[in-house]
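There are 2 protein chains.
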Amino acid sequence: MQKETNNSTGLVRVALDAMGGDHGPVETVKGAVLAAQSANVAMILVGDQGPVEQELAKYDVSNLAITVVPSEDKIRDDEHPIRALQTKPKASVLVATRLVKSGDADVVVSMGSTGASMASAVLNLGLMEGLERPCVGGPFLGLAPNTVLMDIGANIDCRPALLLSFASLGVSWARTYMGIENPRVALLSVGSESTKGNKQVRESYQLFQDSQLNFVGNVEGMDFFTEKAEVIISDGFVGNILIKFTEGLGAAFAAYTKKRLGSSLDETSISEFAAELVQLTNRTRTNGGPLFGVKGPVIVGHGSSGADEILAAINTSVRYVQLGMVDIMKEDLASMNAQNAENAQNAMNAAAATAVGGDAGR
Amino acid sequence: MQKETNNSTGLVRVALDAMGGDHGPVETVKGAVLAAQSANVAMILVGDQGPVEQELAKYDVSNLAITVVPSEDKIRDDEHPIRALQTKPKASVLVATRLVKSGDADVVVSMGSTGASMASAVLNLGLMEGLERPCVGGPFLGLAPNTVLMDIGANIDCRPALLLSFASLGVSWARTYMGIENPRVALLSVGSESTKGNKQVRESYQLFQDSQLNFVGNVEGMDFFTEKAEVIISDGFVGNILIKFTEGLGAAFAAYTKKRLGSSLDETSISEFAAELVQLTNRTRTNGGPLFGVKGPVIVGHGSSGADEILAAINTSVRYVQLGMVDIMKEDLASMNAQNAENAQNAMNAAAATAVGGDAGR
C-alpha cells in the first residue's frame with residue numbers, strides 16, 4: 006500500500022526538531038540540508054529562528070525545499086517531559102508535532118528527549134487502541150539485523166494484552182518495512198517451554214498462542230543470534246536494560262580491541278574496526294526509529310546523532326510515510342484485537358456450555 | 006577467617022561429579038588429575054565405576070590423592086531435576102552431594118545439570134534463612150571483572166526481601182572472595198532515580214536504602230562498564246536473559262571478527278583474539294561459581310567445560326572452602342536479617358506512636 010502525501014509537490018514534508026539532540030541546531034540543520042539535496046523531501050526546520058537561520062546561512066540552499074518554522078526553547082533530556090511541555094508550550098518538539106496534527110507536515114523527526122517526543126505525540130496525535138504509551142523497538146543489533154526487539158522504551162510491567170499489541174506492531178513493521186514474509190514472533194524468556202519464565206511471560210504465552218500471529222514460543226537471550234524469530238517481545242524494562250547493556254558492551258569491546266590489536270594493525274584499520282563494533286551494537290539508534298502505536302508518523306533518534314545519523318533518520322521517516330505504515334499498523338492491530346475478542350467470546354461460550362452440561366448431568 | 010577442613014591431611018576434599026557435563030568422565034577425570042597434581046586437594050571422583058576407572062588408567066596417579074566413589078547413572082540437562090533425583094537415587098550428583106552432607110568431602114563440584122545440582126543441594130544441605138532456591142552469580146563479564154551480577158539463575162519474580170538477600174550474599178562474596186573493600190550495591194533498572202523501574206525494583210529501593218549495605222541506588226544496562234557498583238542485583242529472569250544474551254553476543258562478535266580481519270591478521274592471531282572475545286563474555290562459567298545460599302559448599306560449572314575449566318572450578322571450590330565462605334555468608338545474612346527486622350519494628354513503633362498522637366489531637 007502506497008500512501009499519498011497531503012500536498013501537491015509529491016515531496017514528503019518532514020518537520021525536523023532542529024533544536025533536538027546534543028548537537029542541534031548545528032548538526033540538525035546540516036542533516037536537513039543533506040536530506041534536501043539527496044532525497045524526495047521538503048524539510049521544515051522547527052527551532053529558535055535566529056540560531057537556525059544562522060546555521061542555514063552556511064549552505065547554499067537556494068534550490069532546496071527547506072523552510073523554517075519558528076519555535077521557542079527546547080526540552081532537555083533531564084526535564085520531566087509532561088511538566089516541560091506545560092511550561093514550554095512553544096518548544097520545538099511540540100511545534101513540530103503540531104505541524105503533523107494540522108496537516109502541514111507528513112512526519113516529525115526528533116533527536117531530542119524521547120520522553121518529550123512521546124508526551125508530545127500522545128498529546129497531539131493520540132495512541133492506537135489498547136496502548137498505554139508509545140512502544141519503541143526495531144532491529145536493535147547490527148549483528149542480528151533482521152531481528153526486531155520490542156519494547157525497548159518505557160512500557161514497564163506490561164499486561165499480556167499489551168505485549169501482544171507490541172507483537173502486532175512489530176509484525177507489521179517487519180513484514181512491510183523490512184520485507185520479511187510472515188514474521189515469526191517469540192516471547193523473550195529463560196527457557197523455551199511454555200512453563201518457563203516469569204509470571205508476565207507465562208500469562209502471555211496462551212494469549213500469543215491463540216492469536217493470529219506466527220507465534221513460535223519462547224526464546225532465550227542467545228536466540229537473538231540463532232534466527233529462531235524475527236520479532237522478539239519483552240517488557241520495556243527488560244528491553245531497555247538489554248539495549249543499554251549492548252551499547253555499553255559494544256563500546257567496551259571497541260576499547261578492548263583498540264588496545265589489544267594496537268600493535269598488529271595500522272591505526273586507520275583499527276579505528277574503522279572499532280567503529281564497526283560500536284555500530285554493530287547500535288543499529289536502531291543509528292537509523293532512528295518510529296514511536297510505534299502513535300496515530301501519526303513520529304521518528305526519534307539518538308541524542309548524540311551527527312548530520313549523517315540525522316539524514317538516516319530522515320530517510321527512515323520518508324519511507325515510513327511512503328509505505329503508509331501508520332495506517333497499516335492501525336489496521337493490523339484492529340484486526341488482531343477483533344480476533345482476540347472473538348476468541349475470548351468463544352471461550353466464554355464454551356465455558357457456559359460446559360457449566361450447563363455439568364448442571365444437566367447432576 | 007580461615008576454615009579448617011574436616012580431615013587430618015590438610016587437603017581440601019573435593020567430590021567431583023565425574024559424570025557431569027558434556028565431556029564427563031573423559032574431561033572430568035583429566036581435570037581431577039590436573040588438580041591433584043597442582044593443588045592442595047584430595048580428589049574424590051564420583052561416577053560409574055567402570056568408565057571412571059578406565060579414564061583414570063590413562064594417567065600415572067600412583068602418588069596422587071585421587072579416590073573413586075561409585076555411583077549409578079547421571080542426570081541429564083533435559084531431565085526434570087526433582088523427578089530425576091527421585092528416579093535415580095544413586096545418580097553421581099546426588100552421591101557427591103551426600104559426601105559433603107556426611108562430612109566425607111568438603112565441597113562438591115559439578116559440570117552437570119545446574120537444576121539437578123540445585124535440587125540435590127537443597128535436599129541434602131538445605132538453604133539459608135529467607136531464601137527460596139540457590140542464587141547464582143558472580144563477575145559474569147571478563148570485560149567487567151570486578152562487577153558481580155546476581156541472580157543469573159532460577160529465582161523468578163523475586164520479592165524485595167529476596168533481592169536484598171542476594172545482595173547480602175553478593176557483598177560477602179565480593180568482599181571476602183574478591184577482596185573488594187565495602188562493595189557498592191545497586192539495583193539494575195532503567196533509570197538512576199528511585200522512582201524509575203518496574204514495580205519490583207521500585208518496591209525494593211527503600212528496603213535496600215534502609216539496609217546496612219553500601220547501597221548506591223539504581224544503575225542501568227551500560228553501568229556494568231562504568232564502575233558505579235561492584236554488586237548489581239536483578240531478578241533471575243533479567244539476569245539469566247542478560248547472561249545468555251552476552252554469551253551469544255560474544256560468539257557473534259568472535260565470528261564477525263574472524264571474517265572481518267581474516268585478510269589483515271594471520272590465522273593464529275585471529276583465532277586467539279576471537280577466543281578472547283568469547284572468554285571476555287564468559288567469565289563466571291569459565292571459573293565455575295557457587296550455589297549461593299546453600300548451607301554447604303557447592304560449585305557448578307558450564308556443561309561444555311574441558312579439563313582446564315574443570316580445574317579452574319576445582320580451584321574455585323578449594324578457595325571457597327579455605328576462606329570459609331559458607332559460614333561468612335550465613336553470618337552476614339543473619340546480621341542483615343536481624344537489622345531488617347529491627348528496622349521494621351522501629352517503623353511499626355513509630356507508626357503506632359503517630360497514630361496515638363493523632364488520636365490525642367482530635
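Protein sequence lines, in the order shown, are assigned to chains G and S.
Here our numbering is used: the first residue of the first sequence is 6, the next is one more, and so on.
Here our numbering is used: the first residue of the second sequence is 6, the next is one more, and so on.
Even glycine gets a Cβ: it sits at the ideal position worked out from N, Cα and C.
- In terms of Cβ geometry, Met-116 of chain G and Ile-315 of chain G form a close pair [threshold 8 angstroms].
- Residues of chain G whose Cβ lies closer than 7 angstroms to the Cβ of Tyr-64 of chain S do not exist; the shortest such Cβ separation is about 35 angstroms.
- For the set S:Arg-265, S:Asn-203, S:Ala-101, S:Ala-166, the Cα lying nearest the Cα of Asp-240 of chain G is the one of S:Asn-203.
- Of G:Asp-83, G:Ile-248, G:Lys-95, the smallest CA-CA separation from Asp-27 of chain G is found for G:Asp-83.
- At a Cβ-Cβ threshold of 8 angstroms, Val-46 of chain G and Val-323 of chain G count as neighbours.
- Sorting G:Thr-231, G:Phe-258, G:Thr-286, G:Leu-193 by C-alpha distance to the C-alpha of Ala-279 of chain S places G:Phe-258 at the top.
- Among the CB atoms of chain G, none fall inside 8 angstroms of the CB of Tyr-210 of chain S.
- Using beta-carbon distances, Asn-219 of chain G does not count as an interface residue toward chain S, since no partner is under 8 angstroms.
- The beta carbon of Gln-54 of chain G sits closer than 7 angstroms to the beta carbons of Val-73, Pro-75 from its chain, once the five residues preceding and following it are set aside; these are given in chain order.
- Residues of the same chain with a CB within less than 7 angstroms of the CB of Asn-342 of chain S, apart from the 5 flanking positions on each side, are Glu-134, Gly-135 in chain order.
- The Cβ atoms of Asn-151 of chain G and Glu-281 of chain G do not sit closer than 8 angstroms to each other.
- Of G:Thr-33, G:Gln-91, G:Arg-88, G:Met-155, the smallest CA-CA separation from Val-113 of chain G is found for G:Thr-33.
- Between Val-195 of chain S and Asn-245 of chain G, the gap from beta carbon to beta carbon is short of 8 angstroms.
- In the DSSP assignment, Gly-294 of chain S forms a beta bridge with S:Val-305.
- With a threshold of 8 angstroms between beta carbons, Ser-177 of chain G makes no contact with chain S.
- By the neighbour-count criterion, in which a residue is buried when 16 or more other Cβ atoms sit within 10 angstroms of its Cβ, Thr-102 of chain G is buried.
- Pro-30 of chain G sits close to Pro-56 of chain G, with the two beta carbons spaced by under 8 angstroms.
- Contact note: Ser-274 of chain S reaches chain G through Ser-269, using a C-beta cutoff of 7 angstroms and chain order.
- Burial state of Ala-41 of chain S is buried, judged by a 10 Å Cβ sphere holding 16 or more other Cβ atoms.
- Going by beta carbons, Asn-223 of chain G and Leu-192 of chain G fall inside the 8 angstroms limit.
- Counting other Cβ atoms within 10 Å of its Cβ, Asn-68 of chain S stays below 16 and is therefore classed as exposed.
- Annotation note: the segment 231–302 of chain S contains the following uninterrupted alpha helix (DSSP H) runs of length 4 or greater, listed N- to C-terminal: 241–265, 272–285, 288–292.
- By the neighbour-count definition (other C-beta atoms within 10 Å, threshold 16), Thr-286 of chain G is a buried residue.
- Taking all protein chains shown into account, Arg-18 of chain S has 16 or more neighbouring C-beta atoms within 10 Å of its C-beta and is therefore buried.
- By the C-beta criterion, the segment 290–303 of chain G is judged to be in contact with the segment 162–180 of chain G, since at least 3 inter-stretch pairs fall below 8 angstroms.
- Between the alpha carbons of Asn-345 of chain G and Ala-356 of chain G lies a distance of about 16 angstroms.
- About 4 angstroms separates the Cβ atoms of Pro-86 of chain G and Gly-120 of chain G, confirming a contact at the 8 angstroms cut-off.
- Residue-level contact by beta carbon fails for Asn-160 of chain G and chain S, as no gap is shorter than 8 angstroms.
- Chain-ordered, the chain G residues with CB closer than 9 angstroms to the CB of Lys-204 of chain S read Ile-161, Asp-162.
- Secondary structure note for Arg-88 of chain G: it is in no beta strand (DSSP E), and the uninterrupted alpha helix (DSSP H) holding it is 86–92.
- With respect to chain G, the C-beta atom of Asn-245 of chain S has a partner C-beta closer than 8 angstroms.
- Taking the beta carbon of Val-73 of chain S as reference, no residue of chain G falls within 9 angstroms; the closest one sits roughly 34 angstroms away.
- Of the candidates S:Ala-89, S:Asn-348, S:Gly-301, S:Gly-131, the residue whose Cα lies closest to the Cα of Gly-329 of chain S is S:Gly-301.
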